[in-house]
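K.L.:
Next up is a structure, given as structure tokens.
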Amino acid sequence: MSDNAVLRLREQRLARSTRPFLARGSRAIRCQTCLLPTRNCICATREIHQAASRFCLVMFDTEPMKPSNTGRLIADVLPDTQAFLWSRTETDPALLEAIADPERQAYVVFPASFATPPRQVFTDVPAGSKPPLFIMLDGTWNEARKMFRKSPYLDNLPVFSLDVSASSGYILREASRPELHCTVEVAAALLEKAGDVDASAGLSRHFTHFRTQYLAGKPHHPVHQLTAKNEESL
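Counting in UniProt numbering, the final residue of the sequence shown is number 234, and the numbers go up one at a time with none missing.
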């Protein structure tokens, strides 16, 4: 298993679970690192990149255990990524320490429309500022809104808002709103904004490959049927 903050969080969440977690496709024999069916494993193609930016994932309940979760892809590519389970009543001291890092400027990544004055909103990393710590609320849209509203330790941090005009290429889960993008797509856009262009491109490649192999593991999806046909012709 790779040294991945989300995978470590997954192990912790599984250890405290009182019953087995059954995701869609739970009967498949999966690689325990990329969580894809073993025949679709992407571990051999994983690229490691360094970036001035850092990500802190605050994940809702079972999110680290879902094979479709894309926050894990950020931790695949950027080894400095941090991940924590969200709790309304108990906050991990290590999360508070990460937010208070004097060497970094922390931002909560969220739409500007949810930031009420006088809260600062940024759409670009200011020139000459400290390297950013992008705090990403990883869950469904409703879960992310709940985390945003009910995490007092985030209230005094500026919001970083992205205008991602292109439609999402996620398609692994149905989004509640067409303009919503998955966690890894937002992270790639943030890296580009912050000047970490190589890391952004590497993360986008990793996501594209993951998405293709994820869909190839679904028996009734066209990607799977095309993959199977190509394998038969070899």
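We put the CB at the ideal spot given by N, CA and C, even for glycine.
Runs of 4 residues minimum, wholly inside the segment 125-172: which ones carry the alpha helix (DSSP H) assignment?
P.N.:
Within the segment 125-172, the complete alpha helix (DSSP H) segments at least 4 residues long are 141-149, listed from N- to C-terminus.
K.L.:
Looking at the structure shown, is glutamine 12 part of a helix, part of a strand, or coil, going by DSSP?
P.N.:
Working through the sequence shown from its first residue, we reach residue 12 at position 12. Three-state DSSP puts glutamine 12 in a helix.
K.L.:
For alanine 94 and asparagine 142, I'd like the C-alpha separation in whole angstroms.
P.N.:
Along the sequence shown, one-based indexing puts residue 94 at 94. Along the sequence shown, one-based indexing puts residue 142 at 142. For alanine 94 and asparagine 142, the distance between alpha carbons rounds to 25 Å.
K.L.:
Note the first and the last residue of the continuous alpha helix (DSSP H) segment covering glutamine 213.
P.N.:
Locating residue 213 in the sequence shown gives position 213, where the first residue counts as 1. That run of the alpha helix (DSSP H) goes 197-216.
K.L.:
Checking the sheet assignment: what are the DSSP bridge partners for arginine 104?
P.N.:
Residue mapping note: residue 104 aligns to position 104 of the sequence shown, counting from 1. DSSP output for arginine 104 lists no bridge partner at all.
K.L.:
Do you know whose CA, among Thr89, Pro102, Leu96, Phe207, lies nearest lysine 150's CA?
P.N.:
Residue mapping note: residue 150 aligns to position 150 of the sequence shown, counting from 1. When each option's Cα is compared against that of lysine 150, the closest is Thr89.
K.L.:
Give the straight-line distance between the Cα atoms of lysine 130 and leucine 78, rounded to the nearest whole angstrom.
P.N.:
Residue mapping note: residue 130 aligns to position 130 of the sequence shown, counting from 1. Residue mapping note: residue 78 aligns to position 78 of the sequence shown, counting from 1. Using only the alpha carbons, I get a separation of about 18 Å.
K.L.:
Could you have a look at phenylalanine 114 and say whether DSSP puts it in helix, strand or coil?
P.N.:
Position 114 of the sequence shown, counting from 1, holds the residue named residue 114. Three-state result, phenylalanine 114: helix.
K.L.:
What do you get for aspartate 61, buried or exposed, if any count of 16 or more other CB atoms within 10 angstroms of its CB means buried?
P.N.:
In the sequence shown, counting from the first residue as 1, residue 61 sits at position 61. Answer is exposed; the Cβ neighbour count stays below 16.
K.L.:
Using a threshold of 8 Å, state whether the C-beta atoms of residue 263 and leucine 36 are closer than that.
P.N.:
Given a span of 1 to 234 for the chain in the structure shown, any question on residue 263 remains unanswerable.
K.L.:
Taking 6 Å as the limit between beta carbons, can you name the residues of its chain near leucine 154, skipping five residues before and five after?
P.N.:
Sequence index remark: in the sequence shown, residue 154 carries index 154 (1-based). Hits under 6 Å: Val108.
K.L.:
Please report how far the alpha carbon of isoleucine 42 lies from the alpha carbon of alanine 201, in whole angstroms.
P.N.:
Residue mapping note: residue 42 aligns to position 42 of the sequence shown, counting from 1. Residue mapping note: residue 201 aligns to position 201 of the sequence shown, counting from 1. One C-alpha to the other measures close to 17 Å.
K.L.:
State the Cα-Cα distance for the pair alanine 44 and aspartate 76, rounded to the nearest angstrom.
P.N.:
Translated into positions along the sequence shown, residue 44 becomes position 44. Translated into positions along the sequence shown, residue 76 becomes position 76. Each residue's alpha carbon lies about 12 Å from the other.
K.L.:
Does arginine 104 have its Cβ less than 8 Å from a Cβ in chain B?
P.N.:
The structure shown contains no chain B; it is built from a single protein chain.
K.L.:
Just to confirm my understanding: we take alanine 194, look at its own chain, exclude 5 residues before and 5 after, and list those with CB closer than 6 Å. What are they?
P.N.:
Translated into the one-based positions of the sequence shown, residue 194 becomes position 194. Cβ neighbours of alanine 194 beyond the five flanking positions: Ser53, Val125, Pro132.
K.L.:
Buried or exposed, going by whether 16 or more other CB atoms sit within 10 Å of the CB of valine 186?
P.N.:
Indexing the sequence shown from 1 puts residue 186 at position 186. Its Cβ being crowded by 16 or more others within 10 Å, valine 186 is buried.
K.L.:
How many angstroms separate the CA atom of asparagine 156 from the CA atom of proline 117?
P.N.:
Along the sequence shown, read from residue 1 onward, the residue named residue 156 stands at position 156. Along the sequence shown, read from residue 1 onward, the residue named residue 117 stands at position 117. Each residue's Cα considered, the two are about 11 Å apart.
K.L.:
Threshold first: 4 residues or longer. Then list the alpha helix (DSSP H) segments lying entirely within the segment 66-104, N to C.
P.N.:
71-77, 93-99
K.L.:
Bridge partners of arginine 30, per DSSP?
P.N.:
As a first step, residue 30 must be located in the sequence shown, where it is residue number 30. Note: arginine 30 sits in a beta bridge opposite Pro37.
K.L.:
Please identify the residue among Asp3, Ala51, Asn40 whose C-alpha is closest to the C-alpha of threonine 212.
P.N.:
Here residue 212 is taken as the residue at index 212 of the sequence shown, counted from 1. Nearest of Asp3, Ala51, Asn40 to threonine 212, Cα basis: Asn40.
K.L.:
Enumerate in chain order the residues of its own chain whose CB-to-CB distance from aspartate 138 is below 6 Å, with the five nearest sequence positions on each side excluded.
P.N.:
Counted from its first residue, the sequence shown places residue 138 at position 138. Correct list, in chain order: Leu57, Met59, Glu63, Gly71, Thr183.
K.L.:
Just to check my reading of the structure: aspartate 196 and alanine 51 have Cβ atoms closer than 8 Å, yes? What is that Cβ distance to the nearest angstrom?
P.N.:
Here the question's residue 196 lines up with position 196 in the sequence shown. Here the question's residue 51 lines up with position 51 in the sequence shown. Right, the Cβ-Cβ distance comes to about 4 Å (below 8 Å), so this counts as a contact.
K.L.:
Please go through the same chain and pick out, in chain order, the residues whose beta-carbon is closer than 6 Å to the beta-carbon of glutamate 192, but skip the five residues on each side of it.
P.N.:
Position 192 of the sequence shown, counting from 1, holds the residue named residue 192. If you ignore the 5 residues before and after glutamate 192, its C-beta comes within less than 6 Å of the C-beta of Ser200, all in its own chain and listed in chain order.
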